[in-house]
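Residue numbering for the sequence shown follows my numbering, starting at 15 and increasing by one per position.
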Amino acid sequence: MRRIRILSVVSLAACCLAMECPTDGTGGLPIGGAVGGSDRDFAAMPRLFVTTDRSTVAAYDMPTTIDGAVAADETLDVDATNISRVLEGVAVNGIGNLIVLWKEAPPVNSSEIRVFSDAGAVDGQQTPVRVVAGSATRLDRSDVLGVDIALDKTRDILYVSQDGDPDDYDSVDSRDDLREVLIFANTSQASFNGNIAPTGVVRLGELGTASPIAIDSERDILYVLNSRAERDDAPADAREILVFENASTLDGMPTPDRVISTLDFGTNLFTGNTRGSGPISLYVDASNDTLYALTPTTRTFILPDVSTLDGEIGTVQSMTLMVPESTGGFDNYDPKDVHVDAQGTGYFLGSPVQGNNDDPQLSSILIVDNVATASGSTMPDRALDLDLGEFANAEALTIAD
Numbered sequence: 015m016r017r018i019r020i021l022s023v024v025s026l027a028a029c030c031l032a033m034e035c036p037t038d039g040t041g042g043l044p045i046g047g048a049v050g051g052s053d054r055d056f057a058a059m060p061r062l063f064v065t066t067d068r069s070t071v072a073a074y075d076m077p078t079t080i081d082g083a084v085a086a087d088e089t090l091d092v093d094a095t096n097i098s099r100v101l102e103g104v105a106v107n108g109i110g111n112l113i114v115l116w117k118e119a120p121p122v123n124s125s126e127i128r129v130f131s132d133a134g135a136v137d138g139q140q141t142p143v144r145v146v147a148g149s150a151t152r153l154d155r156s157d158v159l160g161v162d163i164a165l166d167k168t169r170d171i172l173y174v175s176q177d178g179d180p181d182d183y184d185s186v187d188s189r190d191d192l193r194e195v196l197i198f199a200n201t202s203q204a205s206f207n208g209n210i211a212p213t214g215v216v217r218l219g220e221l222g223t224a225s226p227i228a229i230d231s232e233r234d235i236l237y238v239l240n241s242r243a244e245r246d247d248a249p250a251d252a253r254e255i256l257v258f259e260n261a262s263t264l265d266g267m268p269t270p271d272r273v274i275s276t277l278d279f280g281t282n283l284f285t286g287n288t289r290g291s292g293p294i295s296l297y298v299d300a301s302n303d304t305l306y307a308l309t310p311t312t313r314t315f316i317l318p319d320v321s322t323l324d325g326e327i328g329t330v331q332s333m334t335l336m337v338p339e340s341t342g343g344f345d346n347y348d349p350k351d352v353h354v355d356a357q358g359t360g361y362f363l364g365s366p367v368q369g370n371n372d373d374p375q376l377s378s379i380l381i382v383d384n385v386a387t388a389s390g391s392t393m394p395d396r397a398l399d400l401d402l403g404e405f406a407n408a409e410a411l412t413i414a415d
């Protein structure tokens with residue numbers, strides 16, 4: 015546990031005026047765990063957030079209408095002193111805090127959660143009001159290859175998925191700990207700060223080399239991708255989605271309540287190959303009980319009534335995004351993340367394909383209206399070109415609405 019230092023109001027004020035404010039041991043940040051919060055009505059004026067591999071977050075207002083090359087309304091430098099860290103996840107909680115998952119590059123690989131007070135005003139360089147980091151959090155693991163986050167805004171819970179390297183057991187107790195989902199409660203409270211232990215740790219063992227998760231905040235259901243097909247010793251069709259009911263109460267090694275599987279998850283429409291074409295990002299539109307699974311080939315599987323699905327299912331509804339030449343074309347679009355907003359519009363984030371072009375390429379978001387009904391080859395209704403700064407590539411997105 016983090017040691018709590020008790021200072022009088024007078025002495026604390028004095029030391030801060032002298033630029034010697036006490037810190038919590040997680041990067042020199044002030045102790046206290048300020049909460050903050052946004053008074054912005056995101057429902058009336060939604061905001062899109064995109065994270066990069068250069069420790070920045072770009073914010074765009076009114077994503078339902080933007081199109082083409084549009085400058086970000088605000089850009090947040092999460093840490094100007096360490097731009098090499100990748101922002102692997104982003105979320106906005108119920109009081110309007112902006113939450114990012116900040117991951118160190120190999121060989122360190124450890125992560126931390128940074129919370130900024132107001133997602134409606136994140137311009138420039140700001141000090142986070144809270145940071146969750148340290149050995150008790152389990153975010154300090156050096157063997158982690160992939161991470162993902164999902165926020166249950168209704169219950170104020172953040173889920174963090176960590177996928178360990180099966181060739182490196184030094185930082186985990188057993189093979190059962192290689193893949194885990196950490197559960198952190200009360201993200202809007204001052205207690206969500208410092209070197210705190212998760213309220214639950216879901217141990218999943220060896221599930222492969224991908225870490226996508228999704229949360230249904232209306233039904234308290236956690237969806238976890240099992241991607242064993244990416245391992246050389248696994249059958250090519252070993253891709254499935256594990257379903258856990260009562261997600262907010264999970265701990266230990268629970269048995270999935272359901273397992274959704276289909277051979278379609280592993281099929282590349284262009285080559286017929288099963289390797290490297292399984293889902294890389296999951297999102298649940300809870301209001302419509304529909305799960306979206308984005309693959310590296312721009313194919314997205316659409317599973318309606320997902321809260322009732324179980325076992326092997328047949329042909330799955332899917333759409334394959336056509337990438338406009340104006341955004342670089344298919345050869346320069348590397349799918350990263352998917353989000354569906356409250357109006358049922360799908361946002362598909364992609365970064366430039368490294369090494370395909372010597373000229374700088376822009377990351378982009380392909381936008382599909384009424385995405386739940388899309389199928390087959392689909393041209394986006396709009397395409398947003400993202401100028402995120404030199405050498406910066408997009409990593410994750412979310413919409414506060």
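We put the CB at the ideal spot given by N, CA and C, even for glycine. The structure displayed is predicted, hence computed values, not measured ones.
> In the segment 54-110, which residue ranges form an unbroken beta strand (DSSP E) of at least 3 residues, counting only runs that do not cross its ends?
Replying inline: 61-66, 70-75, 88-91 and 100-106
> Hey, how far is the Cα of PRO142 from the Cα of ASP265?
Replying inline: As a first step, residue 142 is located in the sequence shown; it is residue number 128 there, counting from the start. As a first step, residue 265 is located in the sequence shown; it is residue number 251 there, counting from the start. Their Cα atoms are separated by approximately 29 Å.
> Would GLU409 be called buried (16 or more neighbouring beta carbons within 10 Å of its own) or exposed?
Replying inline: As a first step, residue 409 must be located in the sequence shown, where it is residue number 395. That one is buried.
> What residue range is occupied by the uninterrupted beta strand (DSSP E) comprising VAL352?
Replying inline: Residue 352 sits at position 338 when you count from the first residue of the sequence shown. Its beta strand (DSSP E) spans residues 348-354.
> Quick one, which of THR311, THR65 and PHE56 has its alpha-carbon nearest MET76's?
Replying inline: Within the sequence shown, residue 76 is the residue found at index 62, counting from 1. Among THR311, THR65 and PHE56, the Cα nearest to that of MET76 belongs to PHE56.
> Count the other CB atoms within 10 Å of the CB of ASN96; is the residue buried (16 or more) or exposed (fewer)?
Replying inline: As a working mapping, residue 96 is identified with position 82 in the sequence shown. Exposed, since its Cβ has fewer than 16 Cβ neighbours within 10 Å.
> For the beta strand (DSSP E) that LYS117 lies in, which residues bound it at each end?
Replying inline: Working through the sequence shown from its first residue, we reach residue 117 at position 103. Start and end: 112-117.
> How about TYR74 and ARG61: are their beta carbons less than 8 Å apart?
Replying inline: On the sequence shown, residue 74 is found 60 positions in, with the first residue counted as 1. On the sequence shown, residue 61 is found 47 positions in, with the first residue counted as 1. Yes.
>> Let me confirm a value: ALA243 is counted as buried when at least 16 other C-beta atoms fall within 10 Å, else exposed. Which label applies?
In response: Counting from 1 along the sequence shown, the entry for residue 243 is found at position 229. Any reading at ALA243 must be qualified, since the residue scores a pLDDT of 45, below 50, and its modelled position is unreliable; no value is offered.
>> I need the DSSP call for GLU259, collapsed to helix, strand or coil.
In response: In the sequence shown, counting from the first residue as 1, residue 259 sits at position 245. Coil, per DSSP.
>> Just to confirm my understanding: we take ASP177, look at its own chain, exclude 5 residues before and 5 after, and list those with CB closer than 6 Å. What are they?
In response: To locate residue 177, count along the sequence shown from 1; it is residue 163. Counting only Cβ-Cβ distances below 6 Å, and skipping sequence neighbours, we find LEU159, GLY160, ARG193 and SER225.
>> Whole angstroms are fine: how far does the CA of ALA356 sit from the CA of GLY328?
In response: The sequence position of residue 328 within the sequence shown is 314, counting from 1. The sequence position of residue 356 within the sequence shown is 342, counting from 1. Cα-Cα distance, rounded: 28 Å.
>> Short of 7 Å in beta carbon distance, which residues of its chain neighbour HIS353, apart from the five on each side in sequence? Order them along the chain.
In response: Translated into the one-based positions of the sequence shown, residue 353 becomes position 339. Cβ within range, chain order: TYR297, TYR361, LEU411, THR412 and ILE413.
> How many angstroms separate the CA atom of ALA72 from the CA atom of ALA133?
Replying inline: Taking the first residue of the sequence shown as 1, we reach residue 72 at position 58. Taking the first residue of the sequence shown as 1, we reach residue 133 at position 119. Their backbone Cα atoms lie some 11 Å apart in a straight line.
>> Please list the terminal residues of the continuous beta strand (DSSP E) segment that includes GLU194.
In response: Here residue 194 refers to the residue found at position 180 when the sequence shown is read from its first residue. It spans 193-199 - the beta strand (DSSP E) in which GLU194 sits, taken as one unbroken run.
>> With three or more beta-carbon pairs closer than 8 Å as the criterion, would you say the segment 319-326 touches the segment 388-399?
In response: no
> When DSSP labels each residue in this structure, what does SER275 get in the three-state scheme?
Replying inline: For this step, residue 275 is matched to residue 261 along the sequence shown. It is a strand residue.
>> On the DSSP letters alone, give me the boundaries of the beta strand (DSSP E) that MET333 sits inside.
In response: As a first step, residue 333 is located in the sequence shown; it is residue number 319 there, counting from the start. Per DSSP, MET333 belongs to the beta strand (DSSP E) from 332-335.
> Taking the C-alpha atoms as reference points, what is the distance between VAL381 and ARG169?
Replying inline: Along the sequence shown, one-based indexing puts residue 381 at 367. Along the sequence shown, one-based indexing puts residue 169 at 155. A small fix is needed here, since residue 381 is Ile in this sequence, not Val. Cα to Cα, ILE381 sits roughly 29 Å from ARG169.
> In chain order, which beta strand (DSSP E) runs of at least 3 residues are fully inside the segment 206-241?
Replying inline: 214-219, 227-230 and 235-240
> So what does DSSP say about ALA147, is it helix, strand or coil?
Replying inline: Counting from 1 along the sequence shown, the entry for residue 147 is found at position 133. ALA147: coil per DSSP, three-state reduction.
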